[in-house]
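Be aware that the sequence shown starts at 182, since it is given in my numbering, and climbs by one per residue. Everything on this sheet refers to the single structure shown next.
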Amino acid sequence: MTEVHYGVVRVGDRWSIIGDNLRFGAYATRGEASAAARRLAEHPAGLGLPVLLHEQEEDGVLPGPTLLS
Numbered sequence: 182m183t184e185v186h187y188g189v190v191r192v193g194d195r196w197s198i199i200g201d202n203l204r205f206g207a208y209a210t211r212g213e214a215s216a217a218a219r220r221l222a223e224h225p226a227g228l229g230l231p232v233l234l235h236e237q238e239e240d241g242v243l244p245g246p247t248l249l250s
């Protein structure tokens, strides 16, 4: 099954949202970036696809994704 993947990752001293051919934002905190990614996930181009969110931990670890929809 096809799904949409978004990630929240640290880039230098900021947090960004990444996806397929996508990188935007320069959030001061992981929480701000995560909230923005969750808002973005509410509108997956109207395709009705499941959305998986990958969130990098403060220590750099990237655990498995969370299914949002």
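Glycine included, C-beta positions come from ideal geometry on N, C-alpha and C.
Residues in the same chain with beta-carbon distance under 8 Å from residue i, minus the five sequence neighbours each way, listed in chain order, please.
i	result
residue 210	196
Can you tell me whether residue i is helix, strand or coil according to DSSP?
i	result
residue 197	strand
residue 229	coil
residue 209	coil
Who are the near neighbours of residue i in its chain, counting only those whose CB is closer than 7 Å to its CB and skipping five residues on each side?
i	result
residue 214	189, 196, 197, 198, 206 and 208
Name the DSSP beta bridge partners of residue i, please?
i	result
residue 224	In the DSSP output, where bridge partners are listed per residue, residue 224 has none listed.
Nearest-angstrom Cα distance between residue i and residue j?
i	j	result
residue 192	residue 185	21 Å
residue 236	residue 243	6 Å
residue 247	residue 241	17 Å
residue 233	residue 194	24 Å
residue 230	residue 183	7 Å
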